[in-house]
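Since the structure comes first, as structure tokens, the remarks are kept for the end.
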Amino acid sequence: DAAHRVGVVHRDFKPSNALVGEDGRVRIADFGLARGLWPISSTGRESADRPSSEHGSTRPGTVGTPAYMSPEQRSGANVDERSDQYSFCVALHEAVYGQRPVPDRPGRPAPAFKVPLWLRRLLDRGLAHRPEDRFPSMAALIEALQAGPRRRRQFLQTAGLATALVAAVGIGAALNRSDPQDVCPDPRAQITQYWDMGH
Numbered sequence: 674d675a676a677h678r679v680g681v682v683h684r685d686f687k688p689s690n691a692l693v694g695e696d697g698r699v700r701i702a703d704f705g706l707a708r709g710l711w712p713i714s715s716t717g718r719e720s721a722d723r724p725s726s727e728h729g730s731t732r733p734g735t736v737g738t739p740a741y742m743s744p745e746q747r748s749g750a751n752v753d754e755r756s757d758q759y760s761f762c763v764a765l766h767e768a769v770y771g772q773r774p775v776p777d778r779p780g781r782p783a784p785a786f787k788v789p790l791w792l793r794r795l796l797d798r799g800l801a802h803r804p805e806d807r808f809p810s811m812a813a814l815i816e817a818l819q820a821g822p823r824r825r826r827q828f829l830q831t832a833g834l835a836t837a838l839v840a841a842v843g844i845g846a847a848l849n850r851s852d853p854q855d856v857c858p859d860p861r862a863q864i865t866q867y868w869d870m871g872h
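Residues in the sequence shown are numbered from 674 upward in steps of one, following my numbering.
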């Protein structure tokens, strides 16, 4: 997101380029294939007069790591920050499911744990074939990632509060019942009745 905000597309995001420092912060490395954000030409491809020798071209198989490339990058079309987003979601899918997604193959691998619906939907959107169907920016995707667990915590807290409230109301109602049919009869009266029969 920081790179995108200054107009730079990484074009080779993958797990090995995400380095965790001793302070716990993640740094994105290897900007050797990075480029500035170019407007899309009328043909939908990078213009021939762009400086491809300095940064490499976007022709399939010549730039980046194919396993993490977006569809538009594999085809040699223009790429923008949504292409990095796709690569990020490939890496996230790999972390969640234990393997990278297989393009054009329905279904998902079985994860070691139950993947929340909000995270599955987030991955589906970030891995959309068309860039316009993905999140508008990495900032939006990051916000969605952070909001998912927060929504779940809020739901659990609300559900816990509701359960406690229902229990409290139920206990209060039980303690305040005035209907004699709901109150246990006085056992002394029953004992006296049978005791008197013996005399």
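Each residue gets a CB set at the ideal place from its N, CA and C atoms; glycine is no exception.
Residue from the options whose Cα sits closest to the Cα of residue i
{"i": "Arg-755", "options": "Phe-808, Gly-694 and Pro-782", "result": "Phe-808"}
{"i": "Pro-782", "options": "Arg-794, Val-769 and Leu-792", "result": "Val-769"}
{"i": "His-802", "options": "Pro-774, Glu-816 and Met-811", "result": "Pro-774"}
{"i": "Arg-678", "options": "Ser-810, Arg-823 and Ile-815", "result": "Ser-810"}
{"i": "Pro-822", "options": "Trp-791, Asp-806 and Leu-814", "result": "Trp-791"}
Those residues which DSSP pairs with residue i across a bridge
{"i": "Leu-796", "result": "Beta-bridge pairing links Leu-796 to no other residue."}
{"i": "Val-682", "result": "Arg-708"}
{"i": "Arg-700", "result": "Leu-692"}
Sequence-distant residues of its chain with Cβ nearer than 8 Å to residue i (five each side left out)
{"i": "Glu-745", "result": "Asn-751, Val-752, Ser-756 and Pro-804"}
{"i": "Leu-691", "result": "Correcting the residue type first, residue 691 is Ala in the shown sequence and not Leu. Around Ala-691: Val-699, Arg-700, Ile-701, Ala-702 and Ala-764."}
{"i": "Phe-704", "result": "Ala-676, Val-681 and His-683"}
Own chain partners of residue i with C-beta closer than 7 Å, once the 5 adjacent residues on each side are dropped
{"i": "Lys-687", "result": "Thr-738, Tyr-741, Ser-760 and Ala-764"}
{"i": "Asp-797", "result": "none"}
{"i": "Val-788", "result": "Val-769"}
{"i": "Gly-694", "result": "Arg-700"}
Cut-off 6 Å between Cβ atoms - residues of its own chain near residue i, not counting five sequence neighbours on either side
{"i": "Ser-743", "result": "Ser-756 and Tyr-759"}
{"i": "Glu-767", "result": "Arg-773"}
{"i": "Ser-762", "result": "A quick correction: the sequence has Cys, not Ser, at residue 762. Closer than 6 Å at the Cβ level, and outside the excluded window around Cys-762, lie Leu-796, Gly-799 and Leu-800."}
{"i": "Ala-812", "result": "Asp-674"}
{"i": "Gly-717", "result": "Its pLDDT being 41, under 50, Gly-717 is placed unreliably by the model, and nothing is read from it."}
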